[in-house]
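Following our numbering, the numbering of the sequence shown begins with 1406 at its first residue and continues without gaps. C-beta atoms are modelled at their ideal positions from N, C-alpha and C, and glycine is treated no differently.
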Amino acid sequence: MRSISVLGCGYLGVTHAACMAELGHQVVAVDTDEAKVAALTAGEVPFYEPGLQELVSRHLRTGRLHFTTSYSEAAAQADIHFICVGTPQGADGAADLGYVDSVIDALAPRLDHECLVVGKSTVPVGTAARIADRLVDRAPGKGAVLTAWNPEFLREGHGIADTLQPDRIVLGVRSPQAEKLLQDLYAPLADAGVPILVTDFATAELAKTAANSFLATKISFINALAEVCEATTADVVELAEVLALDRRIGGEFLKPGIGFGGGCLPKDLRALQARTRELGVGDALAFLSEVDAVNLRRREKAAYLIRQQCGGTLEGKRIAALGISFKPDSDDIRDSPALHVARRLSTEGAYVSVYDPKAMKNAQRCHPELHYEPDVKSACLGADVVTVLTEWQEFQEIDPWALGSVVAQRQVVDGRNTLKRIDWERAGWAYGALGRSIHP
């Protein structure tokens, strides 16, 4: 068992802290937001992640997990410190490292004994080396502080599994001591067969942005083919099935729809491009700008399809928007394609009624101009068009016959290609989806 601190109690920090406690470690998690710390201390997680609230509550009871606003407490108790703060997108597309630097400035002067500081935040390549120098310079021990980079690969909605049963663990280290501490920390996962890859700082830093940029490219590739299908009579869903059976390609993330969003993929894609430009090798990843552009065009195409089903204008039309989070099993609305489409419809004069199983409170705080309903039926009452914008399982299980009795017109736009088309058409619905022809 190790004594560790987790610095930052956002999605990454709380998930990592609870999972480290699950592995048997003693964990103190730090955040400067007193209200957030009070809520977490009471066992209330301020965002939705399946199973996380139960995990936090369990380890508050076992005593292995503690939340505080005190960096002094964390420095005194822990010998491994994880940086888990956000690195939001700056105005120029690059990652803003303000929160990372603030954590270092708050922690370093309190590090009076030998310890290891581990970065998990997604940062531009070159950050770890700078942080290592900053820590040595500012810590009272002058050289007693080691640094490592251990990138996270969490998917919202799967955070616990991605921490406790990850595909891989990457350790960017400069010293055998840092490697041994982290190997010991993650020994239960290694014993369970999880591969641990030991590398240098720069490779570890690139691992997360490279992975996300590749996934974004794969998503935009099938959505670019959807544009080609829309110009022909081809069906992008059937085309994706053909490609998925090629073992060199596979079907993961080959899902046509309104594209990716959230707090990671778009940000990391742009941050990697910004960093390559700073390094003078921007041309190497220049194609990522088109990956981004394809993704954003799909949102506009969804709005176009809905407008077409309304006869060319949205003014005065009632649209039911099913889903507002950027993905299912999450309440995150950051850069949500679903929210983008719903807002676009509203600005064109439509009455947009929204239902999402988890994200409505977050959306309502930011976008009161939309109309929020407690369930699918209420959202669809009197609708001229129903559109599925987030692929929640609940929406896939809708009975199109029953729903047809409450709408004004049986018209649906499947923004995620997630509905069983033949069932909706048999129930008399005009079905539209990106990359597929509309059947009346």
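Among Ala-1747, Met-1765, Ala-1764, Gly-1656, nearest to Val-1757 - alpha-carbon criterion: Ala-1747
Three-state secondary structure assigned by DSSP to Cys-1520: strand
Paired residues, beta bridge with Ile-1711 - DSSP: Ile-1711 is not bridged to any residue.
Sheet register partners of His-1471 (DSSP bridge): Val-1433
Start and end residues, alpha helix (DSSP H) containing Gln-1801: 1798-1801
For Ser-1618, the three-state DSSP class (helix, strand or coil): helix
Residue nearest to Pro-1742 in terms of C-alpha spacing, selected from Glu-1720, Asp-1697, Tyr-1777: Asp-1697
Extent of the continuous beta strand (DSSP E) to which Asp-1819 belongs: 1816-1819
Pair within 8 angstroms by beta-carbon distance, Ile-1488 and Val-1522: yes
Buried versus exposed, by CB contacts within 10 Å (16 or more), Asp-1819: buried
Expected contact under 8 angstroms - CB spacing of His-1518 and Arg-1469 to nearest Å: Not really, about 22 angstroms apart at Cβ, beyond 8 angstroms.
Contact under 8 angstroms by Cβ, Gly-1413 with Val-1490: yes
Val-1817 and Val-1791 closer than 8 angstroms at C-beta: yes
Ranges of the alpha helix (DSSP H) found wholly within the stretch 1661-1742, counting only runs of at least 4: 1670-1683, 1693-1714
Per-residue burial, Thr-1614 [other beta carbons within 10 Å of its own, 16 or more giving buried]: buried
Identified DSSP bridge partners for Leu-1559: DSSP output for Leu-1559 lists no bridge partner at all.
Cβ-Cβ distance between Phe-1558 and Ile-1624 below 8 angstroms: no
Cα-Cα separation, Leu-1594 to Arg-1821: 35 angstroms
Assigned secondary structure, Thr-1752 (DSSP; H/G/I helix, E/B strand, else coil): helix
Closest Cα partner of Thr-1846 within the set Leu-1502, Cys-1424, Ile-1485, Asp-1484: Nothing about residue 1846 can be read from this structure; the chain reaches only from 1406 to 1845.
Residues sharing a beta bridge with His-1421, DSSP: Per DSSP, none; premise fails for His-1421.
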